[in-house]
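Working notes for the structure below.
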């Protein structure tokens, strides 16, 4: 199988790794790389990640069959609006944004009745704390989950091709609605991120600066809990504002559970809650 | 240097690893291993971790110069009371408990004016999620922090020997008071543990069971945030009740920071807070 001609807009960690993965698996006859800065486009060409390049999105998509928007949520929405008039009529547009409802709503607005055929929003769960094309690897998506969030239940040949290509680069595809996706992610991704960031804020308050020798008295657990706090603020600003209601819901649930746990400190309940949480955590699939 | 004759009470992950590390660095002329169950004592002998063994703590300490209590906090306090009458007058007693105030208070009560000379409480920050002698390794403490919490500022030769031995097995020794230790740990260890456990409780509520396919839609971040939730409930029950006031303080600070972060969702403040937290997290030394 082949996606024929592919355009990847956004040549950072996600887009660059996707280009390398499609190349390695020989899933495209030609890959057009599109970035805002010529220097990054040139770098992608030099790495052999793409076959041709452009800094113009409209130009880059003109003859392609599959378009991947590999930019943050809000940028992808703007780009979709910009490139819509330049797409081939049977081209399929997808993205890698961390939230899906706002992108899905924009797709419905731009493409009307055609939306579900022409846009299949996606979200590969394969972020890292580093970013940029220089960190791109051809196995970033291997073994990771790639969520696809169809706009309705109708089936389209191009959707099947996209799914097969993602599986061919090693991703496990999971389909859910955009609404379910955003609520699930608020719990499994955005909540953990907020906790890590708020933990770091708490430590900054308590220890004033990271040179405080008392802060040395910690074990590996602290580092694993602070790992997410090192994530990209610009990306998270977009995620947080595009999913604020779901995140607020997840935070409220969490605050309730934390209060319950706190009130059980020193009581027999504590061990029961701790044990139930332990069993659940052990079984969460990697 | 040598600690001469050493007794290690509690032959789990911590005690077993300490025995192996002292052996490897040839820091003792003889190591007595003491466990409640004969089968574990026999296992330690077979592994070559100890030179002789006993299931009686009173018997095991009788001729030793350095005694390590490698059991959970409350058990170590009971054992200290039990072995006190059987110690050589110049023997130094230390422990590996996760909180230090209750152990320090018990030492003062048991040994009176002699307490600071005869007891030097300790806490190696080298836990793992696994436990038991079968997981013991001779490098568990290599490169990790080992907190020592002297009962007062007076200096004793045996204290210097203990410190040198810990450094010889690769630990970085940090000295703080028992009070400061417990407050610091509430922030750097107990708070992260509570967050991981409460996160798992929240997910169990949202997804009902770990087989829910939606729960697959998560990235590596979730696993790192749930890692601590798999820790030992019995150990944590003892830690939580022996440091409840400090943990409650740390939780209150955290709840305040989380509320601040939540209220900034979708506002310019969000990025500033996120960036400050990111800088702090990046600089926390490993």
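Protein chains in written order, with my numbering: chain X, 1 to 286; chain D, 1001 to 1286. Ideal Cβ placement from N, Cα and C applies to all residues, glycine included.
Pop quiz: residue i and residue j are said to be a contact at Cβ under 8 angstroms. What is the actual Cβ separation, rounded to whole angstroms?
i: residue 1013 of chain D; j: residue 1123 of chain D; result: Incorrect: roughly 15 angstroms between the Cβ atoms, too far for contact.
i: residue 137 of chain X; j: residue 20 of chain X; result: 7 angstroms
i: residue 1092 of chain D; j: residue 1066 of chain D; result: 5 angstroms
i: residue 96 of chain X; j: residue 60 of chain X; result: Actually they are not in contact, since the Cβ atoms of residue 96 of chain X and residue 60 of chain X sit about 16 angstroms apart, beyond 8 angstroms.
i: residue 225 of chain X; j: residue 1196 of chain D; result: 7 angstroms
i: residue 1018 of chain D; j: residue 1133 of chain D; result: Residue 1018 of chain D to residue 1133 of chain D, Cβ: 11 angstroms. No contact.
i: residue 1120 of chain D; j: residue 1099 of chain D; result: Their Cβ separation, rounded to whole angstroms, is 16 angstroms, which puts residue 1120 of chain D and residue 1099 of chain D out of contact at 8 angstroms.
i: residue 233 of chain X; j: residue 1271 of chain D; result: 5 angstroms
i: residue 1257 of chain D; j: residue 202 of chain X; result: 5 angstroms
Counting only C-beta atoms, is residue i closer than 9 angstroms to chain D at any point?
i: residue 72 of chain X; result: no
i: residue 187 of chain X; result: yes
i: residue 174 of chain X; result: yes
i: residue 218 of chain X; result: yes
i: residue 11 of chain X; result: no
i: residue 257 of chain X; result: yes
i: residue 289 of chain X; result: Because residue 289 of chain X is not part of the residues shown, which for chain X are 1 to 286, the question remains open.
i: residue 135 of chain X; result: no
i: residue 214 of chain X; result: yes
i: residue 221 of chain X; result: yes
i: residue 205 of chain X; result: yes
i: residue 248 of chain X; result: yes
i: residue 231 of chain X; result: yes
i: residue 281 of chain X; result: yes
i: residue 194 of chain X; result: yes
i: residue 254 of chain X; result: yes
i: residue 14 of chain X; result: no
i: residue 7 of chain X; result: no
i: residue 273 of chain X; result: yes
i: residue 145 of chain X; result: yes
i: residue 266 of chain X; result: yes
Taking only heavy atoms of the ligand MG into account, decide whether any of them is closer than 8 angstroms to the Cβ of residue i.
i: residue 1206 of chain D; result: Ligands are entirely absent from the displayed structure, and the ligand MG is therefore not among its contents.
How is the alpha helix (DSSP H) around residue i delimited, first residue to last?
i: residue 123 of chain X; result: Taken as a continuous stretch (DSSP letters only), residue 123 of chain X belongs to no alpha helix (DSSP H), being part of the beta strand (DSSP E) at 122 to 124.
i: residue 36 of chain X; result: Neither: residue 36 of chain X is in no alpha helix (DSSP H) and is coded neither H nor E.
i: residue 197 of chain X; result: 191 to 207
i: residue 1077 of chain D; result: 1073 to 1083
i: residue 1164 of chain D; result: 1157 to 1168
i: residue 1132 of chain D; result: It is not in any alpha helix (DSSP H) - residue 1132 of chain D carries neither H nor E in the DSSP assignment.
i: residue 233 of chain X; result: 233 to 242
i: residue 110 of chain X; result: 101 to 111
i: residue 142 of chain X; result: From DSSP, residue 142 of chain X is part of no alpha helix (DSSP H); its letter is neither H nor E.
i: residue 275 of chain X; result: 268 to 283
i: residue 229 of chain X; result: Note, residue 229 of chain X: premise wrong, no alpha helix (DSSP H); not H, not E.
i: residue 1014 of chain D; result: 1013 to 1024
Using a Cβ-Cβ distance under 9 angstroms, would residue i count as near chain X?
i: residue 1075 of chain D; result: no
i: residue 1103 of chain D; result: no
i: residue 1210 of chain D; result: yes
i: residue 1278 of chain D; result: yes
i: residue 1056 of chain D; result: no
i: residue 1066 of chain D; result: no
i: residue 1131 of chain D; result: no
i: residue 1150 of chain D; result: no
i: residue 1180 of chain D; result: yes
i: residue 1001 of chain D; result: no
i: residue 1017 of chain D; result: no
i: residue 1167 of chain D; result: no
What residue range is occupied by the uninterrupted beta strand (DSSP E) comprising residue i?
i: residue 1116 of chain D; result: Unbroken run through residue 1116 of chain D is the alpha helix (DSSP H), 1115 to 1118; no beta strand (DSSP E).
i: residue 53 of chain X; result: 52 to 54
i: residue 186 of chain X; result: Counting along the chain, residue 186 of chain X falls outside any beta strand (DSSP E), and DSSP gives it neither H nor E.
i: residue 9 of chain X; result: 5 to 9
Would a check of beta-carbon distances place residue i closer than 9 angstroms to chain B?
i: residue 1123 of chain D; result: Among the protein chains of the structure shown, namely X and D, there is no chain B.
Name the DSSP beta bridge partners of residue i, please?
i: residue 95 of chain X; result: X/69
i: residue 147 of chain X; result: X/123 and X/174
i: residue 61 of chain X; result: Looking at the DSSP assignment, residue 61 of chain X forms no beta bridge with any residue, so it has no partner.
i: residue 30 of chain X; result: X/5
Indicate whether the contact test is met: 3 or more Cβ pairs, each with one atom in the stretch 64 to 84 of chain X and one in the stretch 141 to 156 of chain X, closer than 8 angstroms. no
Does the structure place the stretch 222 to 233 of chain X close enough to the stretch 1270 to 1278 of chain D that three or more beta carbon pairs sit under 8 angstroms? yes
Whether or not the stretch 1238 to 1250 of chain D and the stretch 1104 to 1123 of chain D are in contact is what I'm after, with contact meaning three or more pairs of Cβ atoms, one per stretch, closer than 8 angstroms; do they touch? no
I want to know whether the stretch 163 to 182 of chain X touches the stretch 1211 to 1221 of chain D - three or more CB-CB distances under 8 angstroms. yes
Three or more C-beta pairs under 8 angstroms: does that hold for the stretch 1138 to 1145 of chain D against the stretch 1157 to 1174 of chain D? yes
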